[in-house]
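Written out below as structure tokens is the structure these notes cover.
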Amino acid sequence: MEIFLWILIVVFFIVSFIGLIYPIIPAILMIWGGIAIFHFFINPDALSWWTWMSAIILTILIFLADLLTNLYFVKKYGGSKASMRAATIGLIIGCFVIPPFGILIVPFILVFIVEMVQDRTWKESFKVSIGTLLAFLSSTFAKGLIQLTIIIIFLIDVLLG
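Residue numbers for the sequence shown follow this note's numbering, beginning at 3 and rising by one.
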């Protein structure tokens, strides 16, 4: 039974990284799901307070990384609030349209259209679309590193604890 639970934990961790590309999958919840399986079904006493606190702080950092990178790039490239919403909608739609490239192409196009509708030049609209793309890529990279860090801390505590 324990082997099955470990396989399930590994699957949850892998799916968390898939969630970086497919935003409809709650990536951080997958990691917490894996940790919860270990805690509730394998060994409730194995994880130290340091692991729990690190996971909580890094989870908060994931949400901040997402928010701050988007705000930074939208501001830097002159995007509007409507562009941010269009990018978010584009990410969701893009998951289903030509996966996995749709998550890059669809938000880019939607942001471009939204900016053009707001009487921006095509050059300004293109610049904001590029900024949106850079925000997504930067945020995804940062979240991936943070997720990996949570998993490594968990595994170190399990293996050495």
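C-beta atoms are modelled at their ideal positions from N, C-alpha and C, and glycine is treated no differently.
Quick one: grab the DSSP three-state call for residue i.
i	result
methionine 32	helix
proline 46	coil
tyrosine 24	coil
methionine 3	coil
threonine 71	helix
proline 101	coil
Determine the extent of the alpha helix (DSSP H) in which residue i is found, giving its start and end residues.
i	result
arginine 87	83–96
isoleucine 153	124–162
By Cβ distance below 6 Å, which residues in the same chain neighbour residue i in space, the five residues on each side in sequence not counted?
i	result
phenylalanine 114	Ser127, Ser131
glycine 146	Leu22
isoleucine 30	Thr61, Ile64
Could you name the residues of the same chain whose beta carbon sits closer than 8 Å to that of residue i, not counting the 5 residues immediately before and after it, in chain order?
i	result
methionine 32	Phe14, Phe15, Val17, Ser18, Gly21
leucine 162	none
isoleucine 39	Leu7, Leu10, Ile11, Phe14
alanine 137	Thr71, Asn72, Tyr74, Phe75, Val76, Ala89
cysteine 97	Tyr24, Pro25, Ile26, Gly104, Ile105
glycine 35	Phe14
Looking only at its chain, what residues have a beta carbon closer than 7 Å to the beta carbon of residue i, apart from the 5 residues adjacent to it on each side?
i	result
isoleucine 23	Pro102, Ile105
isoleucine 148	Leu60, Leu63, Ile64, Ala67
Throw me the rounded Cβ distance for the residue i and residue j pair, which I believe falls under 8 Å.
i	j	result
leucine 74	lysine 129	The amino acid at residue 74 is misidentified as leucine; the sequence shows tyrosine. Their Cβ separation, rounded to whole angstroms, is 15 Å, which puts tyrosine 74 and lysine 129 out of contact at 8 Å.
valine 108	valine 99	6 Å
isoleucine 37	alanine 57	7 Å
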